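Just below is one structure, and these are the notes that go with it.
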Amino acid sequence: MQNTLLLSNYREPAKTQTAYVFIKRSFDIICSLFLIVLLMPVLLAVAVISAIDTKSCPIFIQTRMGRNNRPFRMIKFRTMNTQAPSNLATHRFENALNYISPVGGALRKLSLDELPQLFNILLGDMSFVGPRPVVLTETDLLRMRDKNGALSVRPGLTGWAQVNGRDLVSVADKAVLDGYYIDNMSLSMDWTILKKTVGYVLRARDISEGAALGAVTGEYRLPARTPVPLRSAPVQDVRRGKTA
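Quick look at the structure:
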């Protein structure tokens, strides 16, 4: 059995304005319900395609870490064969392409495999915007999120790290970006992330299946446009707006 991290300490969100929390959750409920109804034909079509492609159940359910250190069952469309490790983060696969099904690669590039998470959003396990939920064996990232408060909010369908490097961001950089979001989250920032996400999905930017160069080792550096210093800068200085 793989070791998982049991966290006991977490913070309240850096921003606790009643209006922001209420509007954000209302948006999640209304939009997720609307999109589920609107995209139901697409959901059914992708489910059929996935079932035929993988010769297995099209729904893949995986335990991820949720808000306040409470694991939840995240739903995705199956894009890998049944021999793929079920509790290992994809970026740690040495041979991810050997597991991805013929059509699964296209579904992943278009992010269609993530559509079932609309149900997770409707149920309150997730939000449209927040730190991406990770498997429980990602103990290094979970420890860093525990320190910067990123475990105190609902994980998101997309997040600040996903529009600033996506699969090419190292674990340490991802934690810095998650902490930046926690200290600056607002309706305007959420809207910015959603708009950027559309561009990332349509252009299939920064996608890497398996152990991407630097994504695990930390050799990758954030793009110059990113308003966050490199991971070599202390996290606490980044969050206070100081330079290293």
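Per the numbering used here, the sequence shown starts with residue 2, numbered consecutively.
All C-beta atoms in this analysis are idealised placements derived from N, C-alpha and C, irrespective of residue type, glycine included.
Quantities reported herein were computed from a predicted structural model and do not represent experimental measurements.
Cβ-based burial, residue i [other Cβ within 10 Å; buried from 16]
| i | result |
| --- | --- |
| residue 27 | exposed |
| residue 200 | exposed |
| residue 66 | buried |
| residue 77 | buried |
| residue 146 | buried |
| residue 135 | buried |
| residue 162 | buried |
| residue 59 | buried |
| residue 51 | buried |
| residue 47 | buried |
| residue 189 | exposed |
| residue 170 | buried |
| residue 177 | buried |
| residue 44 | buried |
| residue 124 | exposed |
| residue 167 | buried |
Span separating the alpha-carbon of residue i from that of residue j
| i | j | result |
| --- | --- | --- |
| residue 165 | residue 194 | 10 Å |
| residue 81 | residue 155 | 26 Å |
| residue 19 | residue 183 | 16 Å |
| residue 187 | residue 150 | 16 Å |
| residue 73 | residue 25 | 20 Å |
| residue 75 | residue 49 | 20 Å |
| residue 99 | residue 106 | 11 Å |
| residue 40 | residue 23 | 25 Å |
| residue 32 | residue 120 | 11 Å |
| residue 185 | residue 179 | 10 Å |
| residue 21 | residue 110 | 32 Å |
| residue 53 | residue 42 | 17 Å |
| residue 153 | residue 64 | 18 Å |
Residues of its chain near residue i, where Cβ-Cβ distance is below 7 Å and the 5 sequence neighbours each way are ignored
| i | result |
| --- | --- |
| residue 158 | 115, 118, 122, 127 and 129 |
| residue 29 | 122, 128 and 129 |
| residue 2 | Per-residue confidence for residue 2 stands at a pLDDT of 45, beneath the threshold of 50, marking its modelled position as unreliable; no derived number is given. |
Per DSSP, the bridge partner or partners of residue i
| i | result |
| --- | --- |
| residue 193 | None; residue 193 has no bridge partner. |
| residue 63 | 75 |
| residue 128 | 157 |
| residue 81 | 101 |
| residue 136 | 65 |
Inter-residue CB distance, residue i and residue j (contact presumed, cutoff 8 Å)
| i | j | result |
| --- | --- | --- |
| residue 55 | residue 102 | 5 Å |
| residue 1 | residue 160 | Not covered by the structure: residue 1. The range shown for the chain is 2 to 245. |
| residue 175 | residue 137 | No, residue 175 and residue 137 are not in contact; Cβ-Cβ is about 16 Å, not under 8 Å. |
Neighbourhood of residue i by C-beta, 6 Å cutoff - its chain only, sequence neighbours within 5 removed
| i | result |
| --- | --- |
| residue 61 | 77 and 79 |
| residue 191 | 130 |
| residue 172 | 141 and 142 |
| residue 108 | 80 and 114 |
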